[in-house]
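Below is one structure, written out as structure tokens, with a few remarks after it.
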Amino acid sequence: MSDKILVIISTSDAGKARTGAMYALNTLKHGWMEEVKIVFFGPAQDLLLVDEELQKQVKEYQEIEEAVVACKFISDRDEKSEQLNEFGVQVKYVGEMISNYIREGYVPMVW
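Numbering (the numbering used here), first residue to last: 31 to 141.
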């Protein structure tokens, strides 16, 4: 059984996105899993820029682990890459990244 999770937050629903971020943060803080990665994908990227509670969770995660990642293709298309970078989010192409994480044994959890 893997002790690594990949939390993919793609929903535009604030409650679901916050729940995913909270799970990732608490898993990291309490050591429930060895490694936790967060990727924002699709509508959740816009949500991250406007939802203060979600931003707070992500900032706390960043203090413990590393910057979260958002999809470059989508953020470039929506002209949001600069805003995400300013928030401390790494903007990268995530398709291959997600596939590599899965090959490395990360269990994907999609919110």
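We put the CB at the ideal spot given by N, CA and C, even for glycine.
Which of helix, strand or coil DSSP assigns to residue i
i: F103; result: helix
i: V137; result: strand
i: V121; result: strand
i: S111; result: helix
i: E116; result: helix
i: V88; result: helix
i: E126; result: helix
i: E83; result: helix
Cut-off 7 Å between Cβ atoms - residues of its own chain near residue i, not counting five sequence neighbours on either side
i: K110; result: Q75, D76, L79
i: V121; result: A100, K102, S105, S111, L114, N115
i: I35; result: T57, M63, V66, Y136, V137, M139
i: A97; result: G118, V119, Q120
6 Å Cβ shell around residue i - same chain, five flanking residues per side excluded
i: P73; result: S42
i: M31; result: none
i: F71; result: I38, S40, C101
i: K46; result: W141
i: D133; result: Note that residue 133 is Arg in the sequence shown here, rather than Asp. Answer for R133: no residue qualifies.
Limits of the beta strand (DSSP E) - the one that residue i falls within
i: K34; result: 34–39
i: V69; result: 65–70
Identity of the residue in the options nearest residue i by Cα
i: K59; options: G135, G118, Q87; result: Q87
i: V124; options: K67, N56, E95, E82; result: K67
i: M52; options: Y91, I132, D81, D33; result: Y91
i: G50; options: L84, Y131, I94; result: L84
Beta-carbon proximity list for residue i, same chain, < 8 Å, skipping 5 on both sides
i: M127; result: V69, V99
Continuous alpha helix (DSSP H) stretch holding residue i: start and end
i: D76; result: 73–80
i: A51; result: 44–60
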